[in-house]
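Numbering (UniProt numbering), first residue to last: 1 to 413.
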């Protein structure tokens, strides 16, 4: 049931003209009904900067449970260097998959070091850079700014061959989700016209910097409002989900970790989009409960991964059996911090000569601690196979713990 205290988006009619000569991606032209279309319905989100947020008791409890589990995850990060970067990678991969950007983990590893990789792998790495840009901007409770959002979008799309010209800029045309290439005649969501984007984003940023409501509720609403505005030509979903992490960082719910909530959303994308629709229709509690449950599932699974990762160095030392102070032992000690290595990064860890560092890498390869993913030759890259396996397992565990969706649980009661 919608929260009557929260304002629904207003639906307004705006004039429209379809270009009759436009070609679709498949070479087709607009249908007759699109050529004669003269007006469209757009959704204008309400201004929320100073709006009161009412949260149902059960949703408040879910927010508190999620915050406690995130605190447990942060406590692991204090003693496990590199955990924050691993969780950013998990979130970037899942957030990209929601947008149908699927890349092989080894390919993502190559892209992360700037080596030859697929376009999807490079886009996934860019999603991680955008996420880091957003969360780092809110370190030490710094306010969220419009510039940080624009910078994150620029990091995401600056190298995109289709959208790169719009990287870091608000859209200047009407957009829509679903429907055809030519018009929003059958779209599932038609966000506000471009002239409304700037004022709505200023209002959103004011809301995002309040301190008088639950941090997780605030993060959920910031995300949903951003998606309702849809300020960019592309990349709205990935930047918008990054805002959840930024909001939690600003409120100091997180200090060094990113909670991979997108992995929970990925387990039931239809449910996720339904909750965003609920928000646009005036139900802020729905998306708050959903984000809280997603954060709880993600944090819970991440705590388990952190404990597993913490056990790996002892296992690796047993396999490598290198003397204390040696290059192989020093390299093992640095693997959680840098599980993807080229020779330069390995040298930084060992502090040894290139020849001794190569010997150390060979020792770890023989023990099956490291695995090369480049097939020899120049620009070789190695990964800590156990870490990569754990990241895959983490995404799977979050998905399992996030399902079945709340919608189906309610239907069974």
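Quick reminder that beta carbons are idealized off the backbone N, C-alpha and C, glycines included. Computed from a predicted structure; not experimentally measured.
Cβ atoms of residue 286 and residue 87: under 8 Å apart, would you say? no
Could you pull out every residue in the same chain whose Cβ sits closer than 6 Å to the Cβ of residue 143, ignoring the five residues on either side in sequence? 209
In the DSSP output, what is residue 341 paired with across the bridge? 382
Where residue 410 sits in the DSSP three-state scheme: In this prediction, residue 410 has a pLDDT of 36, which is less than 50 and means its spatial position is unreliable; what the coordinates show is noted afterwards. The answer is helix: DSSP assigns residue 410 an H, G or I state.
Going by DSSP in three states, residue 247 sits in which element: helix, strand or coil? helix
Sort out for me which residues DSSP pairs residue 41 with in a bridge. 13
Extent of the continuous alpha helix (DSSP H) to which residue 223 belongs: 215-229
Hey, out of 294, 255 and 281, whose CA is closest to residue 269's CA? 294
Classify residue 398 as helix, strand or coil using the three-state DSSP reduction. helix
Which runs of the alpha helix (DSSP H) spanning at least 4 residues fall entirely within the stretch 285-346, listed in chain order? 327-334
Straight-line CA distance for residue 17 to residue 338? 53 Å
Quick check: the stretch 224-233 against the stretch 113-126, are at least 3 beta-carbon pairs closer than 8 Å? no
Which class does residue 1 belong to by DSSP, given the choice of helix, strand or coil? Any reading at residue 1 needs caution, since the residue's pLDDT is 38, under 50, leaving its predicted position unreliable; the model's value is listed next. Looking at residue 1 - three-state DSSP - the assignment turns out to be coil, as it is neither helix nor strand.
For residue 332 versus residue 213, is the C-beta spacing smaller than 8 Å? no
Give the single residue among 250, 50 and 304 whose Cα lies nearest to the Cα of residue 140. 250
C-alpha gap between residue 262 and residue 245, whole angstroms: 10 Å
Using the three-state DSSP reduction, which class does residue 370 fall into: helix, strand or coil? strand
For residue 96, I'd like the list of residues in its chain whose CB is within less than 6 Å of its CB, leaving aside the five on either flank, ordered along the chain. 124 and 127
Given residue 296, which residues of its chain have a CB within under 8 Å of its CB, disregarding the five upstream and five downstream residues? 62, 65, 66 and 69
Residue 93 classed as buried or exposed, judged by whether at least 16 other C-beta atoms fall within 10 angstroms: buried
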